[in-house]
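The numbering of the sequence shown is the numbering used here, which starts it at 4 and goes up by one.
The beta carbon of each residue, even a glycine, is placed where N, CA and C say it ideally should be.
Data block below; observations after.
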Amino acid sequence: MTIAAPRHANSDDALILDAIEKWVTKKVAPVAARLEHDDEYPAALVEDMKELGLFGALIHPDYGGLGLSATVYTQIVARISEEWMSLTGVFNSHLMMAIIVQKFGTPRQKEYWLPKFASG
């Protein structure tokens, strides 16, 4: 299933969604069933997710993140989940901690932790 960009999405959002679609089709779909069956950690896919910026998807750009909207982020999670739901847990659990720091952390904590979270 192709990600349909909402009408209000800007061109950056469309580029990100397109990149995710291509990555899922080319890299995730061919290996998901085997990795899941073998209970193998998807190290190569995790490296790809770092390069795509998924670990910083919701983190403000001031801290090295993409600063995506919840709408675009939800579309990304939905598309990846269609191929391999377990894979989204890798960056979703990571972002839960990052968002807590982003919302409730002190300036010092944000400066220290958010760039680390954003880079994966």
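Check: The segment 22–38 touching the segment 92–105, judged by at least three CB pairs closer than 8 angstroms; Outcome: no
Check: Three CB pairs or more closer than 8 angstroms across the segment 70–87 and the segment 19–31; Outcome: yes
Check: Secondary structure, alpha helix (DSSP H): runs of 4+ residues fully inside the segment 15–102; Outcome: 35–41, 46–55
Check: Cα-Cα separation between G59 and Q105, rounded to whole angstroms; Outcome: 11 angstroms
Check: Separation of Y66 from Y76, as counted between CA atoms; Outcome: 17 angstroms
Check: Inter-residue Cα distance where the pair is A73 and L90; Outcome: 19 angstroms
Check: Minimum C-alpha distance to I19 - residue among V31, L55, E43, Y44; Outcome: L55
Check: Alpha-carbon spacing of P45 relative to F94, whole angstroms; Outcome: 12 angstroms
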